[in-house]
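Shown next, in structure tokens, is the structure this report addresses.
Residue numbers (the UniProt record's numbering): 1 to 169.
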């Protein structure tokens, strides 16, 4: 009998994203929900993994997080238990995702990493998750296609094109 991997493949065309309810990027929830609605019929799903590792911006319980996201942004996509995405307690799922895509694609001229570094918030390791709302696009076989920076909004043409390309395969 084959052993199960310590992580579970994501649904077809899934976008896995690390999230927070107290972050300046929080309005991305609404755009992520729009992607969920736009592409769900094609097998796409957004999956949210709350994390409290970035200035404690996700302090609530699972129920508080889900209530906030559904009432404030109309989120219907799955939100999982809080996890660590960096450090020695990094969740196995994120170990796999980061190993497959160690660098995030950022919008042209972004400067997000530089702004974070200037505030003393640069990641400890080059491949660490930089901040809340970093995103991974996973294909139907569970392979990471691309990693997107926190400041690449879900409606960015580059991200939407990558989703469409993944769904067309």
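The C-beta atom is built at its ideal place from N, Cα and C for all residues, glycine as well.
Per the coordinates, the alpha-carbon of residue 42 lies some 41 angstroms from the alpha-carbon of residue 119. The continuous beta strand (DSSP E) containing residue 47 extends over residues 46-50. Straight across, the Cα-Cα distance linking residue 133 with residue 57 is about 12 angstroms. Taking C-beta atoms under 8 angstroms as the contact rule, residue 29 and residue 69 qualify, at a distance of about 6 angstroms. Annotation: residue 108 to residue 147 spans about 15 angstroms, alpha carbon to alpha carbon.
Where residue 159 is concerned, there is no enclosing beta strand (DSSP E), although the alpha helix (DSSP H) around it starts and stops at 157-168. Taken through DSSP and simplified to helix, strand or coil, residue 115 comes out as helix. Apart from the 5 residues on each side of it in sequence, residue 32 sits with its Cβ closer than 6 angstroms to the Cβ of 46 and 154 in its chain, given in chain order. Taken atom to atom, the span from the alpha-carbon of residue 50 to that of residue 83 is near 6 angstroms. Remark: C-beta atoms of residue 158 and residue 139 do not approach each other more closely than 8 angstroms.
In this chain, the beta strand (DSSP E) harbouring residue 146 covers 144-148. Per DSSP, reduced to three states, the secondary structure at residue 32 is helical.
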